[in-house]
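Be aware that the sequence shown starts at 31, since it is given in my numbering, and climbs by one per residue.
Report on the following structure.
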Amino acid sequence: MTDEYRVAIKPSAWQRSRTVGEWVNREGARRGFASKALAREWARACSGHGVHLWVQDAPDRENRPIDGYLVGGARGTDRAADGARQQSLAEQTDNPD
């Protein structure tokens with residue numbers, strides 16, 4: 031057992047971040063960190079300019095030699111500001127009841 035926090039880099043991360051994509055091309059789709067906090071720091075450093083990356087813990091039930099995933103997506107954005115909001119059933123059916 032190692033004290034290292036092992037991260038699998040998902041395509042959603044390397045497709046959104048040039049820095050992460052270059053890492054994957056050079057080193058492969060896994061990276062070890064001394065701690066989860068350092069993995070999160072790298073995710074923040076690779077984020078920006080509309081790119082949102084974060085570290086997500088791997089489920090305990092997975093039988094893989096990793097502790098988490100580096101993923102990318104729309105997490106942390108204000109979707110309502112982009113016009114994407116969930117409508118109520120009444121709005122969807124034009125029925126006020």
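Every residue gets a Cβ at the ideal spot worked out from N, C-alpha and C, and that includes glycine.
Here the structure is a predicted model, which means the values were calculated and not measured.
- For R56, the closest of W44, D33, S65 by C-alpha to C-alpha distance is W44.
- In the three-state reduction of the DSSP assignment, A69 falls in the helix class, which pools H, G and I.
- The bridge partners DSSP lists for Q86 are Y99.
- Y35 is positioned such that its CB atom lies closer than 9 Å to that of A64.
- For A38, the three-state secondary structure derived from DSSP is strand.
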